[in-house]
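For the sequence shown, counting from 1, position 27 maps to 26 in numbering that gives the first Met the number 0; every step adds exactly one. Worksheet for the structure shown next.
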Amino acid sequence: MRNPDQKEKDQAVQEDNLTFNYGNEPKQLRLKAEQARELANPKANKSKDPVIPLIANLMAHILARFGRNNKQMWIENPEDNTESMHINNN
């Protein structure tokens with residue numbers, strides 16, 4: 000089954016290639032800088048969603064503090080006992 004986002008990704012790559020070859024200079028410089036940054040650090044976060052790094056940091060903190068021993072965890076808010084968070088460890 001084909002990835003539903005693949006068409007959008009292919010279109011973005013095609014637009015970047017056209018901009019890289021025929022676009023105006025500021026856009027070309029931006030693309031060259033992005034490409035150089037990606038080559039220098041291929042494991043860098045490339046997502047445009049600002050929430051993903053926050054979730055990654057939160058999960059790293061939770062795993063460091065509580066570990067991954069249980070299949071399910073309930074974590075209570077220390078300031079308010081009526082609030083809690085449920086996490087599945089699959």
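Using N, Cα and C, we set each Cβ at its ideal position, and we do this for glycine too.
The beta carbon of Ala-43 lies closer than 8 Å to those of Arg-36 and Glu-37 in the same chain, with the five residues before and after it left out. In this structure, Thr-18 keeps its C-beta atom at 8 Å or more from the C-beta atom of Gln-10. Residue state for Asn-56 is assigned as helix, using DSSP reduced to three classes. Excluding five sequence positions before and after Lys-8, none of the CB atoms of its chain fall closer than 7 Å to its own CB.
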